[in-house]
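Engineer: Pasting a structure below so you can have a look.
Numbering (my numbering), first residue to last: 304 to 907.
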């Protein structure tokens, strides 16, 4: 029995060759193995190490996770830029937490220093990670697949057979087959090298580039966005200027010149509701008919604004967000002269549009003594009154089935000239006096359309007119970058799918003439990671190539080939001895060599 010796230098050379064949299956940077003899890093060395860590993919994913976690307080804690009233209420109810939240910037999370730091670090990390990998990927596309290793049987997926075809014919057939299967293939010496699956790395790069686009789009949108709300009564209009809004907020870099020039008039609001069943009171129709113009001299156009179907004018979107009633009231002085007549928008308190508000008479009124004075009326309105038996001013249905207006009357100074902004829906009563009824109580009365409440002492009257108008609440939003953010999100999904479901792999086909003059064909495949797809695909390719270069029987030990078609000893028909996977074909590791896994082959 002869001894088997192993040439260490030859084996080491084979390993290096396999590493070269498996290299560049991805654009991930190769980390240098640490050496105990390295000198201290120094300032430049530490800076380079920090940069490499920051631009690594794992740090980018960690920063993305931190950014997601950092956004959670912005959803749970009231934000100054969204609702200052809720922030003020939170401060009043939490004397201990509020100062802590102020120091941590939790009332303005998205503009805080720590949130911005995570955002900027993620941005830099993604750019530092993507740029070198992109250039490396471009270089791989311009280069050819590497040549075949010396021993293809050491790769995880391999097969071999003998054929009577010439080596040149086999290589030409393999080259044509691989190109037909959309491999990038070329002949290298006695073998054909092919590669496929570049879409995986392209999808990976596209995913991270899409993240950068989304980050830029979100930042751009937050800096230049604007959002305003306006209540418009039927028959009235709105012009997109800052002074027309009831409330308005914008990004740090937004200017008044960025407002889209347009105006619109509300012609009619239409709302219908379910009358019966478990969904009673639920809106069935909720829409507003408007006429609008773009610019100062634009053509007048008609539009119908519905919930979730905004009116788009340039970069602005006009959403229908709320609805209510605006009873028309007429206020007369003691001489019967009209001092106020208008529709008064009231704010709804519940789903059945129980509403409240105030009527303010600021100018033109004089009391019975001829002295200038101001009037104020606290108003409660229900579109469907439950009757006196209900004992409450709560609406029973959102439609105008039985409208009733309840009024409380005051006179004095509304402090409208103090220079302090006031809400049109609230009344400052600090300098107001109550009108008293005959019993010395606050004057109040329930009015149906057409009825009048007379003020005592000849002070005048207020009439609830039969004309009850409706108002629509609009939200005008300008948020640039929304299209880019949507495109980035779609590209990220597509890139992630490509990086997950596409595998980059290589195939080599070697055809050489053996010592007995018969051509020996070897095929092997290598993927970026272990997967059943590589052996399956290699088997399919080998089967197709075998049809063009059919196998011949292996020689017997004495050198005499077994005749084709000879039956087996048990009488069963013979299998094709040269086909891939048949007897005499190597489909697994050799006894004298150990297969190198894909991830091992990729190491330099």
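Cβ coordinates follow ideal geometry from the N, Cα and C atoms, glycine included.
For residue 698, is the classification buried or exposed, using 16 other Cβ atoms within 10 angstroms of its Cβ as the cut-off for buried?
Structural biologist: Buried: at least 16 other Cβ atoms inside 10 Å.
Engineer: Determine the direct distance from the alpha carbon of residue 400 to that of residue 346, and round the result to whole angstroms.
Structural biologist: 42 Å
Engineer: Report the CB separation of residue 714 from residue 762 in whole angstroms; it is logged as a contact under 8 Å.
Structural biologist: 7 Å
Engineer: Could you tell me the alpha carbon to alpha carbon distance between residue 506 and residue 797, rounded to whole angstroms?
Structural biologist: 7 Å
Engineer: So, helix, strand or coil for residue 439, using DSSP?
Structural biologist: Residue 439: helix per DSSP, three-state reduction.
Engineer: I need the straight-line Cα distance from residue 599 to residue 544, nearest angstrom please.
Structural biologist: 12 Å
Engineer: Among residues of its own chain, excluding the 5 on either side of residue 547, which ones have a beta-carbon nearer than 7 Å to its beta-carbon?
Structural biologist: Only 533, 541 meet the Cβ criterion.
Engineer: From what residue to what residue does the beta strand (DSSP E) around residue 681 run?
Structural biologist: Residues 677 to 685.
Engineer: Using a Cβ-Cβ cut-off of 7 Å (strictly less than) and excluding sequence neighbours within five positions of residue 366, which residues of its own chain qualify?
Structural biologist: 421, 424, 425, 428
Engineer: Short of 7 Å in beta carbon distance, which residues of its chain neighbour residue 659, apart from the five on each side in sequence? Order them along the chain.
Structural biologist: Closer than 7 Å at the Cβ level, and outside the excluded window around residue 659, lie 649, 650, 652, 682, 683.
Engineer: Smallest Cα separation from residue 536: which of 470, 501, 629?
Structural biologist: 629
Engineer: Please list, in chain order, all residues of the same chain as residue 687 whose beta carbon is under 6 Å from its beta carbon, the five residues on each side excluded.
Structural biologist: Scanning its chain for C-beta atoms nearer than 6 Å, with the 5 sequence neighbours on each side dropped, one finds around residue 687 the residues 698, 699, 700, 704, 705, in chain order.
Engineer: Give the C-beta separation of residue 596 and residue 602 to the nearest angstrom, bearing in mind that I take them to be a contact with Cβ-Cβ under 8 Å.
Structural biologist: 7 Å
Engineer: Of all the options 443, 494, 510, 496, which has the alpha carbon lying nearest to the alpha carbon of residue 363?
Structural biologist: Selected option, being the one with the closest Cα: 510.
Engineer: Quick check: the region 465 to 473 against the region 813 to 825, are there 3 or more CB pairs under 8 Å?
Structural biologist: yes
Engineer: What did DSSP end up calling residue 475 once you bin it into helix, strand or coil?
Structural biologist: Judged by DSSP in its simplified three-state form, residue 475 adopts helix.
Engineer: Which residue comes first and which comes last in the beta strand (DSSP E) that contains residue 632?
Structural biologist: 619 to 635
Engineer: Provide the residue(s) that pair with residue 461 in DSSP beta bridges, ordered along the chain.
Structural biologist: Residue 461 pairs with 827.
Engineer: DSSP on residue 708, reduced to helix/strand/coil?
Structural biologist: strand
Engineer: If you run the structure through DSSP and keep just helix, strand and coil, what is residue 550?
Structural biologist: strand
Engineer: Could you check which residue in 824, 357, 854 has the C-alpha nearest to that of residue 454?
Structural biologist: Considering only 824, 357, 854, the residue with the shortest C-alpha distance to residue 454 is 824.
Engineer: Measuring straight from C-alpha to C-alpha, what distance separates residue 732 and residue 379?
Structural biologist: 35 Å
Engineer: Note the first and the last residue of the continuous beta strand (DSSP E) segment covering residue 779.
Structural biologist: 763 to 781
Engineer: Classify residue 875 as buried or exposed, calling it buried when 16 or more other Cβ atoms lie within 10 Å of its own Cβ.
Structural biologist: Any reading at residue 875 is ruled out, since the residue's pLDDT is 38, under 50, leaving its predicted position unreliable.
Engineer: Exposed or buried, which one is residue 868 when buried takes at least 16 other CB atoms within 10 Å?
Structural biologist: Interpretation of residue 868 is limited by its pLDDT of 41, a score under 50 that renders its predicted location unreliable; the figure taken from the coordinates is listed afterwards. Exposed.
Engineer: Could you check where the beta strand (DSSP E) with residue 490 kicks off and where it finishes?
Structural biologist: 487 to 491
Engineer: Taking the alpha carbon of residue 613 as the reference point, which residue from 839, 390, 780 has its own alpha carbon closest?
Structural biologist: Residue 613 has its Cα closest to that of 780, out of 839, 390, 780.
Engineer: Under 8 Å, do residue 621 and residue 608 count as touching if we go by C-beta distance?
Structural biologist: yes
Engineer: Give the range of the alpha helix (DSSP H) segment to which residue 517 is assigned.
Structural biologist: 501 to 527
Engineer: In chain order, what residues of the same chain lie with their CB nearer than 6 Å to the CB of residue 461, ignoring the 5 residues before and after it?
Structural biologist: 455, 827
Engineer: Measuring only the C-alpha atoms, how far is residue 376 from residue 412?
Structural biologist: 7 Å
Engineer: Between residue 784 and the rest of its own chain, which residues show a CB-CB distance below 6 Å, the 5 nearest in sequence each way excluded?
Structural biologist: 520, 523, 524
Engineer: Report the three-state DSSP secondary structure of residue 530 (helix, strand or coil).
Structural biologist: strand
Engineer: So what does residue 397 bridge to, in DSSP terms?
Structural biologist: Answer by DSSP bridge pairing: none, since residue 397 is not bridged.
Engineer: By the 10 Å Cβ neighbour count, where 16 or more other Cβ atoms means buried, how is residue 670 classified, buried or exposed?
Structural biologist: It is buried - the Cβ of residue 670 has at least 16 other Cβ atoms within 10 Å.
Engineer: Kindly indicate the opening and closing residues of the beta strand (DSSP E) around residue 756.
Structural biologist: 755 to 758
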